[in-house]
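One structure below.
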Amino acid sequence: MIPRPFRVLRRRRELGDTFTLELEADDGTPFAFQPGQFTMLYVFGAGEAPISISGDPAKGPLVHTIRAVGTVTDRLMALKPGDHVGVRGPFGAPWPVEKARGHDVLIIAGGVGLAPLRPSIYHILANRQDYGRVAILYGARTPKDILFEKDLIKWRSRFDIYVDVTVDRAEVGWQGKIGVVPKLIDYASFSPEDAVAMVCGPEIMMNFTVQGLQRTGVASEDIYVSMERSMKCAVGYCGHCQFGGRFVCKDGPVFSHAEVAAHMSVREL
Amino acid sequence: MVEVDGLGKLLKEHPFFADWSDDYRELLAGCAMNHRFGAGEYVAREGQPADKFYLIRHGSVVLEYPVPGNDPLLIETLHEGEVFGWSWLVAPYQWSFDVRAMELCRMVSMDATCLRGKCEADHSLGYELFKRFLPIISERMQASRIRLLDLYGPRK
Chain A
1 MIPRPFRVLR RRRELGDTFT LELEADDGTP FAFQPGQFTM LYVFGAGEAP ISISGDPAKG
61 PLVHTIRAVG TVTDRLMALK PGDHVGVRGP FGAPWPVEKA RGHDVLIIAG GVGLAPLRPS
121 IYHILANRQD YGRVAILYGA RTPKDILFEK DLIKWRSRFD IYVDVTVDRA EVGWQGKIGV
181 VPKLIDYASF SPEDAVAMVC GPEIMMNFTV QGLQRTGVAS EDIYVSMERS MKCAVGYCGH
241 CQFGGRFVCK DGPVFSHAEV AAHMSVREL
Chain B
270 MVEVDGLGKL LKEHPFFADW SDDYRELLAG CAMNHRFGAG EYVAREGQPA DKFYLIRHGS
330 VVLEYPVPGN DPLLIETLHE GEVFGWSWLV APYQWSFDVR AMELCRMVSM DATCLRGKCE
390 ADHSLGYELF KRFLPIISER MQASRIRLLD LYGPRK
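Going down the list, the protein sequences come from chains A and B. For the first sequence, position 26 (counting from the first letter as 1) is numbered 26 according to my numbering, and the numbering increases by one without interruption. In short: position in the second sequence from 1, add 269, done, that's my numbering.
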């Protein structure tokens, strides 16, 4: 429960309100984590926030991509190289990259939801021979809001992976797709009965994406979503993130859709 | 010029007509015509008679709304295997948007007057057409509503 001191190595602005922090432990020890896990980042004098890890699990530094939406994340955005933060974690259930071995993989993200999925992409690409067809489907608000655009272009340039991007709206000059993320499922080539899907983004987007996947025949237990609820302690103690009979911090944030389908339709949750 | 037999084969290859009976496909091939549009070419214009709908065999199109004195507003893109144009189903049968080819496109058009005539003569044919168009219209409307939600916009 005690935050470890980490030093900011680099801060990079990704989009208008989204930035990436690269951190290194003061004592130099590497930070081990699994794709999909998160940490609690503590800004001295401001508080803590749960932030998904967005870097490569096979190598340092510890990378977080953060959208500034409140007091703590605004203060995180103001940090400079050399500043310190406290880090607790890693916490949470990871993406099913091991279960997905031998299967087709669909990685479907909306907006900043690509950040928590990027570690699983790194892992899968580093072990490409262990997976079937791999597709990355991504949607953003406009072309200017495409996160990790350089990564998407680099992934797309590979011959062994399918990448498709759409935006909600665009201006004349945009030569890509305009439409919703679930529609991209129709254009991808995969075996529904043999696929594992990992979905992250706004919950409404995840709902429609899950429906789209199920329409093609992907089973609910093979679709994984990353739930977001207010998290405080991150260790399943305070109860803030309770979601039905589960804690998002401890039992999630990654769940199979089969586990949480009933609760996702309960408005009060 | 592709003969009717060839058009029947093209219809069979397109997902919209893939599960139709051979008899209906042959009947509808008489309303079909093959087209090719170059990149940037307009397939349809807002307000013009909607006398066809199109099956995209290859390529992509963008639906746009013209804005006087400004660049058009882009609505949606559609791609290989999809269909566009349902204003032919609803009076006054006018295109609601411009449709522009984003790249070289090959399409099959279905003549609306021909189709409406055949549907009046055979209501079962009409039912089959509506049964296939309604899910497409429903999906497009839902997609438009999702985009209206601006899910990726700044949190309030």
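Idealized CB from N, CA, C, for every residue including glycine. Keep in mind that this is a model prediction, so the values were computed, not measured.
Excluding the five sequence neighbours on either side, which residues of its own chain have a C-beta within less than 8 Å of the C-beta of residue i, listed in chain order?
i: Gly70(A); result: Ala49
i: Ser54(A); result: Thr20, Val63, His64, Thr65, Ala115, Pro116, Arg118, Pro119
i: Arg169(A); result: Arg141, Thr142, Ile178
i: Glu24(A); result: Phe6, Arg7, Leu9, Gly60, Pro61, Leu62
i: Lys99(A); result: Val196
Using a Cβ-Cβ distance under 8 Å, would residue i count as near chain A?
i: Glu476(B); result: The question about residue 476(B) has no answer, for chain B in this structure spans 270 to 425.
i: Gly422(B); result: yes
i: Phe286(B); result: no
i: Glu282(B); result: no
With a threshold of 8 Å between beta carbons, is residue i in contact with chain B?
i: Pro202(A); result: yes
i: Ile185(A); result: no
i: Glu171(A); result: yes
i: Lys177(A); result: yes
i: Arg26(A); result: This sequence places Asp at residue 26(A); Arg is not what is there. No - not a single Cβ of chain B is within 8 Å of the one on Asp26(A).
i: Met40(A); result: no
i: Asp74(A); result: no
i: Met205(A); result: yes
i: Val248(A); result: no
i: Val199(A); result: no
i: Asp194(A); result: no
Once you ignore the five residues that flank residue i on each side, which residues in its own chain have a CB closer than 6 Å to its CB?
i: Trp174(A); result: Pro143
Measuring alpha carbon to alpha carbon, tell me which residue in the options is nearest residue i.
i: Ile121(A); options: Ser191(A), Ala197(A), Asp83(A); result: Ala197(A)
i: Asn303(B); options: Asp380(B), Pro423(B), Cys388(B); result: Asp380(B)
i: Val163(A); options: Asp151(A), Arg169(A), Glu171(A), Val172(A); result: Asp151(A)
i: Ala68(A); options: Val112(A), Pro90(A), Gln37(A), Ala32(A); result: Val112(A)
i: Leu269(A); options: Asp251(A), Ser256(A), Gly245(A); result: Gly245(A)
i: Gln211(A); options: Thr73(A), Leu184(A), His103(A); result: Leu184(A)
i: Met1(A); options: Ala234(A), His263(A), Gly252(A); result: Ala234(A)
i: Pro57(A); options: Ala46(A), Pro30(A), Ala78(A), Arg11(A); result: Pro30(A)
i: Phe159(A); options: Glu171(A), Asp130(A), Leu125(A); result: Leu125(A)
i: Gly36(A); options: Met227(A), Ala219(A), Met264(A), His257(A); result: Met227(A)
i: Leu297(B); options: Cys374(B), Phe285(B), Gln317(B), Ala360(B); result: Phe285(B)
i: Ala109(A); options: Arg12(A), Cys200(A), Lys232(A); result: Cys200(A)
i: Asp186(A); options: Leu76(A), Ala135(A), Met40(A); result: Ala135(A)
Skipping 5 residues on each side, what residues in its chain have a beta carbon closer than 7 Å to that of residue i?
i: Pro3(A); result: Tyr42, Gly86, Val87, Arg88
i: Arg229(A); result: Cys241, Phe243, Val248
i: Val331(B); result: Leu343, Thr346, Arg369, Met371
i: Ser209(A); result: Checking the displayed sequence, the identity of residue 209(A) turns out to be Thr instead of Ser. Ile108, Val181, Pro182, Val199, listed in sequence order.
Taking the DSSP output, what are the residues bridged to residue i?
i: His327(B); result: Arg375(B)
i: His64(A); result: Leu21(A), Ile53(A)
i: Arg141(A); result: Partner(s): none; Arg141(A) has no beta bridge.
i: Gln363(B); result: Pro318(B)
i: Leu343(B); result: Glu333(B)
Output, in sequence order along the chain, the residues in the segment 325-349 of chain B whose CB is closer than 9 Å to any CB in chain A.
-> Ser329, Val331, Leu332, Glu333, Asp340, Pro341, Leu342, Leu343, Ile344, Glu345, Thr346, Leu347, His348, Glu349
Contact residues within the segment 148-168 of chain A, judged by C-beta distance below 7 Å to chain B = Asp168
At a Cβ cut of 7 Å, what residues of the segment 401-418 of chain B count as close to chain A, listed as they run along the chain?
-> Ala412, Ile415, Arg416, Leu418
Taking any Cβ of chain A, which residues in the segment 350-383 of chain B have a Cβ under 9 Å from it, in chain order?
-> Gly350, Glu351, Met371, Glu372
Cβ-based contacts, 7 Å cut-off: residues of the segment 209-242 of chain A near chain B = Taking 7 Å as the upper bound on Cβ-Cβ separation, chain B lies near no residue of the segment 209-242 of chain A.
Check each residue of the segment 118-143 of chain A: if its Cβ is closer than 8 Å to any Cβ of chain B, include it; give the result in chain order.
-> Gly139, Ala140, Arg141
Quick one, which residues of the segment 91-112 of chain A are near chain B if we go by CB-CB under 7 Å, in chain order?
-> If the cut-off is 7 Å between Cβ atoms, the segment 91-112 of chain A has Gly110, Gly111 near chain B.
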